[in-house]
Amino acid sequence: MTEQTERSLAEQPADAERLPYDRPGGGAGPGGGAGRSPGPPPESSTATAATPVLPHATPPPLAEPRPLGEPRSWPRDFTHRLTAPLPGVRALARIAREGKLRPAPETLLEIQQLPFEPGPMPAAGATTVALTWAGHASWIIRIGGLTVLTDPVWSRKILGTPARVTPVGVRWEDLPPVDAVLISHNHYDHLDAPTLKRLPRHTPLLLPAGLARWARRRGFTHVTDLDWWEAVELPAPGGPVRFDFVPAHHWSKRTLTDTCRSLWGGWVLTGPDGRRIHFAGDTGYGHWFEEIGRRYPGIDLALLPIGAYDPRWMLRPVHTDPEEAVRACQDLGARSLVPMHWSTFLLSGEPPLEPLHRVRAAWAATGRPREDLWDLPVGASRVLAER
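See the structure below:
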């Protein structure tokens with residue numbers, strides 16, 4: 001990780017764990033360290049703590065919200081924010097040779113068992129906090145009287161992947177009016193242009209740094225892009241809802257020439273009554289989960305990816321596996337874990353149902369209440385109880 005990245009992740013706890021792939025110099029960029037591993041990361045282990053790992057230091061003051069639609073100037077690229085080298089030629093040749101980015105054929109019968117239970121979305125008022133899972137990283141979040149979409153992908157097929165194996169959990173025509181859209185990064189399974197085209201062009205889009213131009217070119221007029229630890233507020237019936245853009249361990253790319261030209265990250269949503277949701281987008285495991293939990297104490301729901309993790313030698317730096325997701329939830333100090341990023345697109349080699357089995361086992365091993373694992377079927381909803 002570069003000196004500038006360290007500054008962006010400033011005020012780390014003194015004893016925050018640094019995984020081998022977090023070490024300085026990891027941000028070699030595309031082709032940097034071609035085919036070389038950034039170091040042997042530790043094997044995943046099932047979390048065993050009975051309670052969340054709570055932040056231990058006084059959190060720094062949060063940034064003042066920035067103006068909506070503010071014009072910004074950004075670096076030409078964000079390779080200095082990488083915390084591990086991107087796969088080089090040797091790694092790509094190995095994965096092509098081994099062919100392990102798809103599940104083994106004998107496991108594909110599990111697709112029929114993937115949980116899919118579409119139902120009506122709950123009624124939502126100014127004090128409601130509720131989630132509905134449309135699939136993958138696409139959520140309908142109700143908070144403070146707002147309806148917020150995360151990484152909306154309603155397309156049946158996206159570039160470079162097989163078609164979805166479960167339908168979208170909510171029909172587009174059944175959505176309430178959308179008050180805001182959050183994007184975590186620009187990969188096609190998270191930023192889907194055909195889906196965004198369905199939205200009114202005045203819909204507020206909250207984006208990672210460097211993506212505003214992409215959205216404005218498509219006619220969107222209320223576009224805000226943010227750096228890590230920056231925030232905006234949107235007015236809502238229950239009072240302002242705050243949206244903070246926070247670090248993640250990933251990367252960005254949509255074309256052959258735009259590698260890391262825009263940032264990547266997650267979001268922390270804070271409602272008028274202080275209830276909080278962390279939406280991680282795509283991320284590997286790392287020390288920043290503890291830092292996010294320190295800065296934003298009292299996270300109620302942690303929406304964390306549990307799929308697209310096999311083979312680990314390639315995907316560990318950018319995708320948490322189920323055990324790492326449980327550990328990340330503990331690091332965040334979050335009350336509940338909400339698994340996502342599985343059962344929709346087959347993006348890697350694990351059997352389709354394996355992420356669900358593993359996250360349930362890892363959660364049970366912590367001794368935490370079963371009801372705090374929100375392992376929703378695609379299409380299902382759940383309402384967060386008021387504090």
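Sequential numbering of the sequence shown, starting at 1, is according to UniProt numbering. Even for Gly, the Cβ is constructed at its ideal location relative to N, Cα and C.
Pick from Glu291, His287, Pro122, Gly238: whose alpha carbon is nearest that of Gly274? The shortest Cα separation from Gly274 among Glu291, His287, Pro122, Gly238 belongs to Gly238.
Determine the direct distance from the alpha carbon of Gly119 to that of Gly125, and round the result to whole angstroms. Spanning the two alpha carbons is a distance of roughly 19 Å.
Same chain only: Cβ atoms within 7 Å of Leu384, ignoring 5 sequence neighbours per side: Around Leu384: Val129, Ala130, Arg275, Asp300, Leu301.
Looking only at its chain, what residues have a beta carbon closer than 6 Å to the beta carbon of Asp375, apart from the 5 residues adjacent to it on each side? Taking C-beta separations shorter than 6 Å and ignoring five residues to either side along the sequence, the partners of Asp375 in its chain run Pro339, following chain order.
For Tyr309 and Thr224, I'd like the C-alpha separation in whole angstroms. Rounded to the nearest angstrom, the two C-alpha atoms are 31 Å apart.
First and last residue of the uninterrupted alpha helix (DSSP H) at Thr195: It spans 193–196 - the alpha helix (DSSP H) in which Thr195 sits, taken as one unbroken run.
Pro322 lies in the alpha helix (DSSP H); which residues open and close that run? Segment 322–332, the alpha helix (DSSP H) holding Pro322.
Terminal residues of the alpha helix (DSSP H) in which Met314 lies: Met314 -> alpha helix (DSSP H) spans 312–315.
Cα-Cα separation, Ala50 to Asp282: Its pLDDT being 37, under 50, Ala50 is placed unreliably in this model, and the value from its coordinates should be taken loosely. Each residue's alpha carbon lies about 26 Å from the other.
Counting C-beta neighbours from all protein chains within 10 Å, is the total for Asp174 16 or more, i.e. buried, or is it exposed? Taking all protein chains shown into account, Asp174 has fewer than 16 neighbouring C-beta atoms within 10 Å of its C-beta and is therefore exposed.
Cut-off 7 Å between Cβ atoms - residues of its own chain near Glu70, not counting five sequence neighbours on either side: Here the set comprises Thr224.
Extract the residue ranges of the beta strand (DSSP E) inside the segment 103–184, only unbroken runs of 3 or more that lie entirely within it. Correct list: 129–135, 138–143, 146–150, 180–182.
Beta-carbon proximity of Pro60 to Arg360, cut-off 8 Å: Their beta carbons are not under 8 Å apart, which means Pro60 does not touch Arg360 by this criterion.
Per DSSP, what kind of secondary structure is Ile299 in: helix, strand or coil? In the structure shown, Ile299 sits in a strand (DSSP, three-state: E or B).
Helix or strand or just coil, what does DSSP make of Glu354? Here Glu354 sits in helix by DSSP.
Between Glu110 and Pro351, how many whole angstroms is the CB-CB distance? I'm expecting something under 8 Å. For a cut-off of 8 Å, the C-beta gap from Glu110 to Pro351 is around 6 Å, short enough to register as a contact.
Tell me, please, which residues DSSP counts as bridged to Trp228. Per DSSP, Trp228 has no beta-bridge partner at all.
Any contact between the segment 366–373 and the segment 174–194? By contact I mean 3 or more CB pairs, one from each, below 8 Å. No, because fewer than three Cβ pairs between the segment 366–373 and the segment 174–194 fall closer than 8 Å, the two stretches do not touch.
Between the C-alpha atoms of Trp172 and Trp154, what's the straight-line distance to the nearest angstrom? Trp172 and Trp154 have their C-alpha atoms spaced approximately 8 Å apart.
Are the beta-carbon atoms belonging to Gly265 and Trp313 less than 8 Å from one another? No, these two residues do not count as a Cβ contact at 8 Å.
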